[in-house]
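**Q**
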Amino acid sequence: MRIAAPVIATILTLFVGSLMFAGLGYDPATTLQAFFITPVNSINGLSELLLKASPLILIACGLAVGFRANVWNIGAEGQLVIGAIAACGVGLFYPNPESPILLPLMFLAGAAAGMAWAAIPAFLRARMNTNEILVTLMLTYIATLFLSWLVHGPWRDPAGFNYPQTALLPAAAMFEPFDYAYRINGSVFITVAAVVLMWLFTDRSFLGYKMKVSGAAPLAARYAGFRESSAVWTGLLAGGAAAGIAGMAEVAGPLGQLSPQISPGYGFAAIIVAFIGRLNAFGIVLGGLLMSLLFLGGEAVQMNLGLSSSLTRIFQGILLFFLLAADFFIFYRLRRIPEHA
Amino acid sequence: MTPRLELRNITKSYPGIVANDDISMSIMPGEIHAVLGENGAGKSTLMKIIYGAAQADSGEIWCDGKPIEAHNPASSRALGIEMVYQHFALFESVTVVENIALSVSSTFDLDTLARQITELSNRYGMPIDPHRRVHDLSVGERQRVEIVRCLLQAPKLLILDEPTSVLTPQAVVKLFETLRQLAAEGCSIVYISHKLDEVQELCDSATVLRNGKVTGTAKPKESTSLELARMMVGSKLPEMHVSASVPSDKPVLAVRGLSAPARDKYGVELKNVSFEVRGGEIVGLAGVSGNGQAELIALLSGERTHSNALAVHIGGKAAAHLNASERRKLGMAFVPEERLGRGAVPPHALWENAVLTANRHGGLVRHGMVDRTKATGFARGIIERFKVKANGPQASAQSLSGGNLQKFIVGREIALQPKLFLVAQPTWGVDVGAAAFIRQTIVDLSRAGAAVLVVSEELDELFEICDRLLVICQGQVSPPLIRTNTNREEIGLLMTRVDRGNGTNGRGEVAVQD
Chain A
10 MRIAAPVIAT ILTLFVGSLM FAGLGYDPAT TLQAFFITPV NSINGLSELL
60 LKASPLILIA CGLAVGFRAN VWNIGAEGQL VIGAIAACGV GLFYPNPESP
110 ILLPLMFLAG AAAGMAWAAI PAFLRARMNT NEILVTLMLT YIATLFLSWL
160 VHGPWRDPAG FNYPQTALLP AAAMFEPFDY AYRINGSVFI TVAAVVLMWL
210 FTDRSFLGYK MKVSGAAPLA ARYAGFRESS AVWTGLLAGG AAAGIAGMAE
260 VAGPLGQLSP QISPGYGFAA IIVAFIGRLN AFGIVLGGLL MSLLFLGGEA
310 VQMNLGLSSS LTRIFQGILL FFLLAADFFI FYRLRRIPEH A
Chain G
55 MTPRLELRNI TKSYPGIVAN DDISMSIMPG EIHAVLGENG AGKSTLMKII
105 YGAAQADSGE IWCDGKPIEA HNPASSRALG IEMVYQHFAL FESVTVVENI
155 ALSVSSTFDL DTLARQITEL SNRYGMPIDP HRRVHDLSVG ERQRVEIVRC
205 LLQAPKLLIL DEPTSVLTPQ AVVKLFETLR QLAAEGCSIV YISHKLDEVQ
255 ELCDSATVLR NGKVTGTAKP KESTSLELAR MMVGSKLPEM HVSASVPSDK
305 PVLAVRGLSA PARDKYGVEL KNVSFEVRGG EIVGLAGVSG NGQAELIALL
355 SGERTHSNAL AVHIGGKAAA HLNASERRKL GMAFVPEERL GRGAVPPHAL
405 WENAVLTANR HGGLVRHGMV DRTKATGFAR GIIERFKVKA NGPQASAQSL
455 SGGNLQKFIV GREIALQPKL FLVAQPTWGV DVGAAAFIRQ TIVDLSRAGA
505 AVLVVSEELD ELFEICDRLL VICQGQVSPP LIRTNTNREE IGLLMTRVDR
555 GNGTNGRGEV AVQD
């Protein structure tokens, strides 16, 4: 039944989506084809699919580590932005712009910055029992506004016609695409490695086991003497590192520079990806690909058929709603309670 | 006269086992009927079928001369059938009265309901404060909530699953008065127990189950315990061997002047608790639930730490500031009162639950990775040695019956070969055969040199295995009593602190600290 849930959800979505499109005067078959098939029936389409799925999967893997232990980091977007800023800073200001260690340095800077940003809520939660949901979310606003200040102010490209963006990164600070015709680049291997690492960590390691216990039965974790603070730190730092690296891969990949908007909400969408994937490595890969397809399909129908962006978002919402609802009803059922029991 | 409840040829199978095989019995109005049997004998399944929480594969249930078709707990309750489960179904984060209001769909007038609860609970001699939150209540107090909740419905048939395991002797007497009073008012009572003396004292008739079949019916008041026990466990009855204790020179556990404030306004403050447990001896801690046992055991196990490291010494080392894992490094092992959610992670497989505390043991965890093969083997060893009825190491903890999970947890902790063994309610809800086995294992562990502290609300158990006894009342622990020089009455008095006359009234069933 667990496997059937996504299938049922997909069928329901296609059905309700068709009704919605037909009701609005669009041919359902054409629309659905434009949504799901056209975006991926070319090599470029597949390249774009992976390019968008990669950061989603990477971040979701990091977040899921914490979610399993009931550590709710919903500020991956901010950690991504800070990771991108740190990586871009290294790329722009490292004395030797042709150094082969430039890219690895940026990787480390992105990861470290993401972790540092996540360390703030981790410290506050572990020491002062603040709510990490609020703190991570608020730090996201700080991060995006800090980015905005940087690209409008000190880091603005002097030769950039006053556009709020930094100079382009040197070639040594960029992932080389597999083929210059497409945007997909070597950073997908980071995501592949992250998926394997996440599986090893959650499924095989003792630390991952302890976090699973913390999430499933906090009293049992206390009984066994597993420190709550270690689950908090591990969970938040894993999410922060993954998001920071994703930010670095964006700036060193398709973007090549910083601008006020560097992420279409990867950090938030990754939360959904993590849950669609049931916090499990393999599920997250599928969830990330699906979410990426929804992004692409949404853009495609807007461009090809002139659907409004709200309509595409409604459609995306329907799919996610059915997916989570199908999941829910596999474990629970509704029943009528007699009035006088 | 028409029977209140009649079962005709009830059969129920689960994959792999026949839980109930052709069971028939009948209960008259006002009758107190015992259902006796070991764990896995099919008692729980049968009760679920009566209550409608499970459906029989075949057979009929008749209530007051009418057959009951497919039913569920709600329709059972409409018929006046109420059940007090062994695992309580209470919401922890809300108060007693709110919990009860949730199951009494007719009213949400909390003030009236609270008054009814106070009145009813006092009338039946089990006072509870309706405004306390359930998570602050001990197991014994939670049971009262469940019983009072049923009584509020004015039931015609009340099912009680092992109700006395957490009560003082005096409170048991009171409960029996309550039940007799209910029976005299015409309510039928199905009383599930493995305590033969209670069944003989209370029940009019008994149905004995073994391996899902009825092995006999009896009039308990006219039968000997030996006859009843033979029907329950077959011919072989376990015998306890308690050899003389040879205590070590130095204490393994030393508690010195341990005081701790209550965790909240309903908790119990521990006042200057001091005692020692030496290697080779078993010390029992008696007391009515809710007198500070939970606080003390949490401070001893490391689930709660104490700023004064010297208040608890384990193996001669100051340990009060250490967490549970660090104390386990000093050789401590611990079986908590709550099995699901504390002693075991409910949805996790048994092999995963083995890793919970055995992670330092026998290479279950190496280089930071869990060795699944070793953990599975370790869990399988416990299952075999302690005869845990489970579908192998892959079975989830929540799929086991309470007694079997208890056997698994006790087995896991004993397999760690502890120097200090803390155990709370070691045999609560465990059947006669398994309880004797667990007690014998605890005795053997202590005779092999381990220091054992048993916290139990069952005096019989404490008298059976302990060398010395402590009594806790209102957060204070009595000086130790030598088991052979004391008796149930002395302990019972210390439990209720009648001799000191402070705070509590002279009645026998004190439990609420107001």
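Residue numbers (the numbering used here), protein chains in the order written: chain A, 10 to 350; chain G, 55 to 568.
Heads up, the beta-carbon is just placed ideally off N, CA and C, and yes, glycines get one too.
Counting only Cβ-Cβ distances shorter than 9 Å, please list the residues of the stretch 389 to 416 of chain G near chain A, keeping chain order.
**A** The residues in question are P390, E392, L394, G395, R396, G397, A398, V399, P400, P401, H402, E406, N407, V409, L410, T411 and N413.
**Q** The stretch 347 to 360 of chain G: which residues have C-beta closer than 8 Å to a C-beta of chain A, in chain order?
**A** Hits within the stretch, in order: S355, G356 and E357.
**Q** Given this structure, state the Cα-to-Cα distance separating T232 of chain G from T261 of chain G, to the nearest angstrom.
**A** Cα to Cα, the separation comes out at about 22 Å.
**Q** Could you tell me the distance, in whole angstroms, from the CA atom of A565 of chain G to the CA atom of E357 of chain G?
**A** Only weak support is given to the placement of A565 of chain G: the predicted model assigns it a pLDDT of 36, under 50, and the value that follows is read from those uncertain coordinates. Each residue's alpha carbon lies about 25 Å from the other.
**Q** Out of curiosity, what's the CA-to-CA distance linking L364 of chain G and K325 of chain G?
**A** Their backbone Cα atoms lie some 16 Å apart in a straight line.
**Q** Reducing DSSP to helix, strand and coil, say where T200 of chain A ends up.
**A** If DSSP states are grouped into helix, strand and coil, T200 of chain A belongs with the helices.
**Q** For the stretch 218 to 230 of chain A, which residues have a CB atom closer than 8 Å to at least one CB atom of chain G, in sequence order?
**A** Listed in sequence order: Y218, K221, V222, A225, A226, L228 and A229.
**Q** Is it buried or exposed, M294 of chain G, if we count other Cβ atoms within 10 angstroms and call 16 or more buried?
**A** Answer is exposed; the Cβ neighbour count stays below 16.
**Q** Does the beta-carbon distance from M229 of chain A to L410 of chain G come in below 9 Å?
**A** Sequence inspection shows Ala at residue 229 of chain A; the Met mentioned does not correspond to that position. Yes; because the gap between Cβ atoms is below 9 Å, this pair is in contact.
**Q** Starting from M423 of chain G, find everything on chain A with Cβ-Cβ shorter than 7 Å and list it in chain order.
**A** By Cβ distance, chain A contributes R213, S214 and F215.
**Q** At a CB distance below 9 Å, what residues from the stretch 230 to 248 of chain A approach chain G? Give them in sequence order.
**A** For the stretch 230 to 248 of chain A, which is checked against every Cβ of chain G, the residues closer than 9 Å are A230, R231, Y232, A233, G234, F235 and R236.
**Q** Counting only beta-carbon atoms, is V552 of chain G nearer than 9 Å to chain A?
**A** Here the model assigns V552 of chain G a pLDDT of 46, short of 50, so the residue's position is not dependable and the matter cannot be decided.
**Q** Is there a C-beta anywhere in chain B that falls below 9 Å from the one on A363 of chain G?
**A** Note that chain B does not occur in the displayed structure, where the protein chains are A and G.
**Q** If you draw a straight line from the C-alpha of R165 of chain A to the C-alpha of Y189 of chain A, how long is it?
**A** If you take the alpha carbons of R165 of chain A and Y189 of chain A, they lie about 27 Å apart.
**Q** Here's a check: name, in chain order, each residue in its chain whose Cβ is nearer than 7 Å to the Cβ of S268 of chain A, leaving out the five neighbours to either side.
**A** Answer for S268 of chain A: V160, P173 and Q174, listed in chain order.
**Q** Whose Cβ in chain A lies nearer than 9 Å to the Cβ of S379 of chain G?
**A** Those within 9 Å of S379 of chain G in chain A are A233, G234, F235 and R236.
**Q** Quick one: does R426 of chain G have its CB under 9 Å from some CB of chain A?
**A** With 9 Å as the cut-off, R426 of chain G counts as an interface residue toward chain A.
**Q** Under 9 Å, Cβ to Cβ, is there at least one residue of chain A near V486 of chain G?
**A** V486 of chain G does not count as touching chain A.
**Q** What's the gap between the Cα of V300 of chain G and the Cα of W482 of chain G?
**A** Straight-line Cα distance between these residues: approximately 28 Å.
**Q** Name the chain A residues whose beta carbon is nearer than 7 Å to that of R317 of chain G?
**A** Within 7 Å Cβ-Cβ: nothing; R317 of chain G doesn't reach chain A, min ~13 Å.
**Q** Counting only Cβ pairs nearer than 7 Å, list the residues of chain A close to V419 of chain G.
**A** Simply F215.
**Q** Only counting the same chain, and skipping five residues up and downstream in sequence, which positions put a Cβ closer than 8 Å to that of R345 of chain A?
**A** Hits under 8 Å: none found.
**Q** Pull up the DSSP beta-bridge partners for L569 of chain G, would you.
**A** With chain G covering only 55 through 568, there is no way to say anything about residue 569 of chain G.
**Q** Using the C-alpha atoms, what's the distance from R420 of chain G back to I254 of chain A?
**A** Distance between the alpha carbons of I254 of chain A and R420 of chain G: 29 Å.
**Q** Under 7 Å Cβ to Cβ from G96 of chain G, same chain only, skipping five residues before and after it: list those, please.
**A** Excluding sequence neighbours, G96 of chain G sits near A73, N74, L263 and G266.
**Q** Using DSSP's beta-bridge definition, name the partner residues of G338 of chain G.
**A** In the DSSP output, where bridge partners are listed per residue, G338 of chain G has G:V508 and G:L523.
**Q** In the DSSP assignment, what are the bridge partners of Q530 of chain G?
**A** Bridge partners of Q530 of chain G: G:C527.
**Q** Does D2 of chain A come out as helix, strand or coil in the three-state DSSP assignment?
**A** Outside the displayed span of chain A (10 to 350) sits residue 2 of chain A, for which this structure offers no information.
**Q** Do I271 of chain A and A73 of chain A have their C-beta atoms closer together than 9 Å?
**A** For I271 of chain A and A73 of chain A, no; Cβs fall outside 9 Å.
**Q** If we cut at 9 Å on Cβ distances, does A350 of chain A have a partner in chain G?
**A** Confidence is the limiting factor: at A350 of chain A the pLDDT is only 41, short of 50, which leaves the residue's position unreliable, though a coordinate-based value still follows. It does: the Cβ of A350 of chain A has a partner Cβ on chain G nearer than 9 Å.
**Q** Taking Cβ-Cβ distances below 8 Å as the criterion, which residues of the stretch 455 to 485 of chain G are in contact with chain A?
**A** Cβ contacts with chain A come from no residue of the stretch 455 to 485 of chain G.
**Q** Residues bridged to H421 of chain G by DSSP?
**A** Looking at the DSSP assignment, H421 of chain G forms no beta bridge with any residue, so it has no partner.
**Q** Please list, in chain order, the chain A residues whose beta carbon lies closer than 9 Å to that of R382 of chain G.
**A** Neighbours of R382 of chain G on chain A, chain order: A233 and G234.
**Q** What would DSSP say about G113 of chain G, mapped onto helix, strand or coil?
**A** Looking at G113 of chain G - three-state DSSP - the assignment turns out to be strand.
**Q** What residues match up with Y68 of chain G in a beta bridge as DSSP calls it?
**A** DSSP output for Y68 of chain G lists G:I71 as bridge partner(s).
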